[in-house]
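I have placed the structure first, in the form of C-alpha cells, so that the comments after it can refer back to it.
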Amino acid sequence: MPELPEVETTRKSLLPLVRGRTIETVEVFYDGVIKNMPALEFCQTLTGQRIEDVNRRGKYLLFHLSGGYSLVVHLRMTGQLVFLGPGGLPGPNARLVFFLSGGGQLRFMDTRKLGTVHLVPTGCWKQAGGLAELGPEPLEEGFTLEAFVGLLKNSKCAVKSLLLDQRRIAGIGNIYADEILFAAGINPRRPANGLDPVERERIYNAIRDKLGQGLQHRGTTIRDYVDGKGERGDFQEHLQVYSRAGKLCQRCGATLVKCVVAGRGTVFCPRCQR
DNA sequence: ACAATTACCTGTATGC
DNA sequence: TGCATACAGGTAATTG
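Numbering-wise, my numbering puts 347 at position 49 of the first sequence, and it's gapless, one number per residue.
This is how it looks when you write it as C-alpha cells:
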C-alpha cells in the first residue's frame with residue numbers, strides 16, 4: 299500500500315533514471331487505467347515528450363513533460379512504477395509501458411487495476427483526480443503544530459479517520475495511521491476534538507517521526523510495494539502494530555487487538571492506547 | 001453539511 | 001481437491 303514514504307521513495311529512485319529521457323512509444327495493456335482521455339489520444343499526446351522532472355504531492359506522482367503536459371499517477375493499492383532495461387516480457391500485470399530514449403522502459407504494473415493515470419496540461423495538474431482537494435504536506439515546514447491543532451479542533455470524527463482524510467493531511471494511509479497512533483499512545487477511536495494539548499503534540503510529533511522513519515527505510519513492503527528500481531523497502535520489519543493483531547505489544551506485552559475504524563482494519567494496543 | 005457505506009479490482013487465505 | 005467466501009484498502013460515488 300503505497301503511502302507518502304513509498305511514493306516519495308519511488309519518486310527519488312525514478313528521478314535519475316528517467317529525467318531527460320524522451321517517451322518514444324507507449325503501449326497500453328489496460329485502457330481503464332487512463333481516466334481522462336481515450337488510450338489513443340493518451341499515446342499520441344505523450345509520444346515525443348521529454349520527462350523534465352518527477353514530483354510528488356500526497357500519494358500522487360507527477361511527471362512533468364516538455365510538451366506542456368504532466369502525467370499524474372496514483373498507485374492506489376498494488377501499483378508499481380519500475381524502470382527496466384530494454385526488452386523482456388511485459389508480464390500479466392503490466393498496464394502501461396513507456397519506451398524511453400536510451401533504451402530503457404518505464405512500466406506501470408498493477409495487479410488489482412485500481413491505480414489511476416491522468417494526462418493534463420502542466421498548468422492545471424491540480425485538476426487531475428483528487429489533487430485539487432489535497433491537504434497540506436505533513437513533512438513540509440508549513441505543517442506546524444498550530445496548523446495540525448487547527449485541523450483537530452473542528453472535527454469530532456475519530457482521530458484515525460482524520461489522519462486518513464487526504465483533504466486534511468496528504469499522504470497518510472492505513473499502515474502509517476496505525477503506527478502513528480501507537481507511537482503517540484492514542485486510541486484510534488478518540489474524537490479528534492476531544493484531545494488535550496499534550497496528546498495533540500504527541501500525534502503531531504508521531505506523524506513526522508513515523509513518516510520520516512518510513513522514508514529512511516525506503517518504505518514498507520508487506521506484499522507488492524517496490525520502488526522504481528524494483529527494490530523492496532524494509533520498514534515492515536519495524537512495524538509496531540500494523541499486521542500484528544493477536545501478537546504481543548512490544549512496549550507493554552499486552553495482546554494487540556484488531557477492530558474497524560473508518561471502515562478499515564485497525565490494530566492497536568488496548569493498554570498503551572486507551 | 002457531514003459521515004458512513006458501497007463500487008472498483010484480484011490475489012491470498014480460510015472454511016467446508 | 002475443489003469451490004465458495006471473506007478480506008486486504010485508497011479513492012470516488014452514493015446513500016443516510
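Even for Gly, the Cβ is constructed at its ideal location relative to N, Cα and C.
For clarity, every value in this text was computed on a predicted model and none was experimentally measured.
| Item | Value |
| --- | --- |
| Classification of residue 353 by the beta-carbon crowding that lies within 10 angstroms, buried from 16 upward | exposed |
| Collapsed DSSP secondary structure at residue 368 in the structure displayed | strand |
| Spatial neighbours of residue 624 in its chain, beta-carbon cut-off 8 Å, leaving aside the 5 residues before and after | Because the chain is modelled from 299 through 572, residue 624 falls outside the range shown and cannot be assessed. |
| Cα-Cα separation between residue 384 and residue 402, rounded to whole angstroms | 5 Å |
| Contact check, residue 412 vs residue 374, beta carbons under 7 Å | yes |
| Between the CA atoms of residue 333 and residue 406 - distance to the nearest angstrom | 14 Å |
| Collapsed DSSP secondary structure at residue 408 in the structure displayed | strand |
| Nearest to residue 537 (by Cα), restricted to the options 478, 499, 552 | 478 |
| Three-way DSSP call (helix, strand, coil) for residue 395 in this model | strand |
| Residue 301 in three-state terms, based on DSSP | coil |
| For residue 534 and residue 528, the rounded distance between their alpha carbons | 16 Å |
| Three-pair Cβ contact test at 8 Å for the stretch 546-564 versus the stretch 432-442 | no |
| First and last residue of the uninterrupted alpha helix (DSSP H) at residue 495 | 495-514 |
| Residue 341 vs residue 324 beta-carbon contact at 7 Å | yes |
| Exposed unless 16 or more other CB atoms sit within 10 angstroms - verdict on residue 390 | exposed |
| Residue burial classification, residue 575 (beta-carbon count within 10 angstroms, cutoff 16) | Outside the displayed span of the chain (299 to 572) sits residue 575, for which this structure offers no information. |
| Rounded straight-line distance, which links the Cα of residue 480 to that of residue 511 | 14 Å |
| Reduced DSSP category for residue 430 - H, G, I as helix; E, B as strand; rest coil | helix |
| 8 Å contact criterion, which residue 368 and residue 319 should meet: CB distance rounded | No, residue 368 and residue 319 are not in contact; Cβ-Cβ is about 16 Å, not under 8 Å. |
| Ordered list of alpha helix (DSSP H) runs contained in the stretch 324-350, each at least 4 residues | 337-344 |
| Assumed close pair residue 388, residue 380 - CB separation to whole angstroms, cut-off 8 Å | Contact flag wrong, Cβ pair sits at about 11 Å. |
| Nonlocal neighbours in the same chain, by C-beta distance under 6 Å from residue 329, ignoring five residues either side | 337 |
| Among 372, 350, 358, 357, nearest to residue 366 - alpha-carbon criterion | 350 |
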